[in-house]
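Residues 84 to 270 (my numbering) are what the sequence shown spells out, left to right.
Note that beta-carbon positions come from the ideal geometry of N, C-alpha and C, so glycine has one too.
Predicted model, so just to flag it, every value in this text is computed and none were measured.
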Amino acid sequence: GRRVQKVALTSGTLAELPIPAAGGFGSVDALVWTPTGLIAADAERGQLWKLVRSQWVGILGPKHQAPGQFQSLARDAHGQLFWSDSKGNRVLKLDTNTGEVTVLTSGAGASTGGAIGKTAGDLGSPHGLEFDTDGALLVAEGPRYLGVVSEADLVRRVLAVGGDVHQVRVSEVMGAPIITIEIDRSA
Numbered sequence: 084g085r086r087v088q089k090v091a092l093t094s095g096t097l098a099e100l101p102i103p104a105a106g107g108f109g110s111v112d113a114l115v116w117t118p119t120g121l122i123a124a125d126a127e128r129g130q131l132w133k134l135v136r137s138q139w140v141g142i143l144g145p146k147h148q149a150p151g152q153f154q155s156l157a158r159d160a161h162g163q164l165f166w167s168d169s170k171g172n173r174v175l176k177l178d179t180n181t182g183e184v185t186v187l188t189s190g191a192g193a194s195t196g197g198a199i200g201k202t203a204g205d206l207g208s209p210h211g212l213e214f215d216t217d218g219a220l221l222v223a224e225g226p227r228y229l230g231v232v233s234e235a236d237l238v239r240r241v242l243a244v245g246g247d248v249h250q251v252r253v254s255e256v257m258g259a260p261i262i263t264i265e266i267d268r269s270a
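Put into structure tokens, the structure is as follows:
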């Protein structure tokens, strides 16, 4: 789509939000709410837009490091913005304080249909991102989550051995595959 609409949940009415003045959206591929406002990913134009006082402001785009093909946006508890790039087979982070873009993890291959039997470095086509209640970043490849990274992973696998958390790739520290169990069973 090329527009963003807000739905009032109590009444079901729609209200269209303004479009960017600079030619509008190329596409609206993902949205995420932050404490300072709504952010929209426009993959067609390679742009991240932020809604500020009823106006869309470009916060990342062609003049910066190429953001890739937006598939999903997620925000952590510290307000940092993450997105999956399904064409580039990577997960990126925008430091909302400095504007610096970091590639957290990448892989060369296309999806083979799931995470089972993959190593952490075999990131295929990441589609979904979400943070769990413990602050761990879940990465979905197609319809399945590929791995999970927690603060404990960073402490144990990076900081404990003198590594730099800003230089390590997520694929080097994430736990994979994710194993789920029923609530009435034990591991």
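Proximity below 8 Å, CB of residue i to CB of residue j
| i | j | result |
| --- | --- | --- |
| LEU114 | ALA123 | yes |
| THR179 | GLN154 | no |
| PHE214 | ASP168 | no |
| GLY258 | GLY218 | no |
| ARG252 | THR188 | yes |
| PHE165 | LEU121 | no |
| LEU143 | LEU131 | yes |
| LEU242 | VAL232 | no |
Simplified DSSP state of residue i, which is helix, strand or coil
| i | result |
| --- | --- |
| ARG239 | helix |
| VAL111 | coil |
| GLU234 | helix |
| GLU213 | strand |
| GLU265 | coil |
| VAL186 | strand |
| VAL135 | strand |
| GLU255 | helix |
| VAL244 | helix |
| VAL87 | coil |
| GLY120 | strand |
| LEU221 | strand |
| GLN130 | strand |
Burial state of residue i (16 or more Cβ within 10 Å)
| i | result |
| --- | --- |
| ALA126 | buried |
| GLY245 | exposed |
| TRP139 | buried |
| PRO209 | buried |
| GLN250 | exposed |
| VAL222 | buried |
| SER254 | buried |
| VAL238 | exposed |
| LYS176 | buried |
| VAL111 | buried |
| VAL49 | Not covered by the structure: residue 49. The range shown for the chain is 84 to 270. |
| GLU224 | buried |
Cβ shell of residue i (< 7 Å), same chain only, five flanking positions each side left out
| i | result |
| --- | --- |
| GLU99 | ARG86, GLN88 |
| GLY107 | ARG85 |
| GLU183 | none |
| ASP267 | none |
Chain-order list of residues whose beta-carbon lies under 6 Å from that of residue i (same chain, five-residue window excluded)
| i | result |
| --- | --- |
| ASP236 | VAL256 |
| ARG128 | GLY109 |
Sequence-distant residues of the same chain with beta carbon closer than 8 Å to residue i, five excluded per side
| i | result |
| --- | --- |
| LEU156 | ALA113, LEU114, VAL115, ILE122, ALA124, LEU164, PHE165, TRP166, LEU212 |
| PRO118 | GLY162 |
| GLU234 | ASP217, GLY218, ALA219 |
Distance cut-off 7 Å: residue i Cβ against heavy atoms of the ligand COA
| i | result |
| --- | --- |
| THR117 | The ligand COA is absent from the structure shown, which contains no ligands of any kind. |
**Request:** Could you name each continuous beta strand (DSSP E) segment of 3 residues or more that falls completely within the region 141-180, going from the start of the chain to the end?
**Result:** Entirely contained in the region 141-180, the beta strand (DSSP E) runs reaching 3 residues are, in chain order, 153-158, 164-168, 173-177.
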